[in-house]
Amino acid sequence: GDWSAMSGFQQTMQMLNEGIVPTAMLVANDQMALGAMRAITESGLRVGADISVVGYDDTEDSSCYIPPLTTIKQDFRLLGQTSVDRLLQLSQGQAVKGNQLLPVSLVKRKTTLAPNTQTASPRALADSLMQLARQVSRLESGQ
């Protein structure tokens with residue numbers, strides 16, 4: 021997707037229309053998660069109850085979504101400072117080690133619940149795994 025809410029909506033609708041109904045989704049950012057939530061709702065499913073949704077960024081408006089979005093919060097100030105520090109090191113000819121992981125935290129709101137294992141049959145779980153395998157295969161082949 022292109023990081024927009026519409027992109028999240030379109031990608032989720034495509035997945036649901038192909039019969040792929042996950043129990044949970046980790047979405048690349050909060051805006052795309054908003055679109056995914058709309059697609060889930062328009063498909064007659066319930067966000068949180070049927071499909072848990074987790075965004076990424078903890079943008080200011082993510083607590084205002086309906087339902088409020090569970091999201092992964094990153095420290096933008098630390099991200100910016102770390103980026104500037106690394107650029108300065110590079111500009112001064114200093115070696116900079118590979119990727120640097122920065123801390124994040126989970127902000128629990130209302131879009132996530134534990135999966136309902138009471139209603140999940142072994143056959144339903146097997147079907148879900150097969151759907152996931154087909155989707156991965158399509159992604160790998162570029163379709």
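With the numbering used here, the residue at position 143 of the sequence shown is 163, and numbering never jumps. Glycine included, every Cβ here is placed at the ideal spot set by N, Cα and C. Quick caveat, the model's predicted, so the values are computed rather than measured.
{"Asked": "Nearest-angstrom beta carbon gap, residue 85 and residue 47 [assumed within contact, 8 Å]", "Found": "Actually they do not touch by this definition, with Cβ atoms about 12 Å apart."}
{"Asked": "Alpha-carbon to alpha-carbon, residue 35 and residue 157", "Found": "14 Å"}
{"Asked": "Euclidean distance between Cα positions of residue 82 and residue 39", "Found": "28 Å"}
{"Asked": "Span separating the alpha-carbon of residue 152 from that of residue 80", "Found": "32 Å"}
{"Asked": "Length of the line joining the Cα atoms of residue 94 and residue 22", "Found": "20 Å"}
{"Asked": "Cβ contact (3+ pairs, closer than 8 Å) linking the stretch 127-134 and the stretch 60-71", "Found": "yes"}
{"Asked": "Within the stretch 48-126, ranges of the alpha helix (DSSP H) (whole runs, at least 4 residues)", "Found": "50-62, 96-111"}
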